[in-house]
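Below is one structure; the comments refer to it alone.
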Amino acid sequence: MSEVVLYRCPTRTNVLCPCGAVERRLRKLGIEHRTERVPYGRRLRPEIEELTGQRRVPVLVDGDEVIHDSKRVRQYLDWKHAEVEKAGDDADGESEGAQPAS
């Protein structure tokens, strides 16, 4: 499984900024991740610019996937989590539309 990294602002709380909304979603979904806090000053974020072509956070790196913008990141996490849950259900022998045995 690939490492998930969240690049976010240095705000200590998860309530005041879009970065916190992404952090809360990661925790809610139980996704293990590493958090990298970047400086407030956008010009001091060359690693973010290298990853995305812009300097805004949050940015989520999930293997080869790089997603920026808090709304898009949360949508991606919800989609990915649904895919993982569906794969887990299929592995248990449960598939959509399957009828219970009588």
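Position 64 of the sequence shown, counted from 1, bears residue number 65 in our numbering, the numbering being contiguous throughout.
No residue lacks a Cβ here, since even glycine has one placed at the ideal position from N, Cα and C.
From a predicted model like this one, the values you see are computed outputs, not experimental measurements.
Using a Cβ distance threshold of 8 Å, serine 3 and aspartate 63 count as a contacting pair. Under a 10 Å Cβ-count criterion, tyrosine 41 is classified as exposed, with fewer than 16 other Cβ atoms of the shown protein chains found around its own Cβ. Annotated three-state conformation of glutamate 51 is helix, per DSSP. One alpha carbon belongs to cysteine 18, the other to serine 71, and they sit about 10 Å apart. Around valine 74, the same chain offers Val23, Pro59, Leu61, Ile68 as residues with beta carbons nearer than 7 Å, after the five sequence neighbours per side are excluded. Taking C-beta atoms as the reference points, valine 39 and isoleucine 49 count as a pair closer than 8 Å. DSSP, read as helix, strand or coil, puts tyrosine 8 in strand. With a contact defined as Cβ atoms closer than 8 Å, arginine 43 and arginine 56 qualify at about 4 Å.
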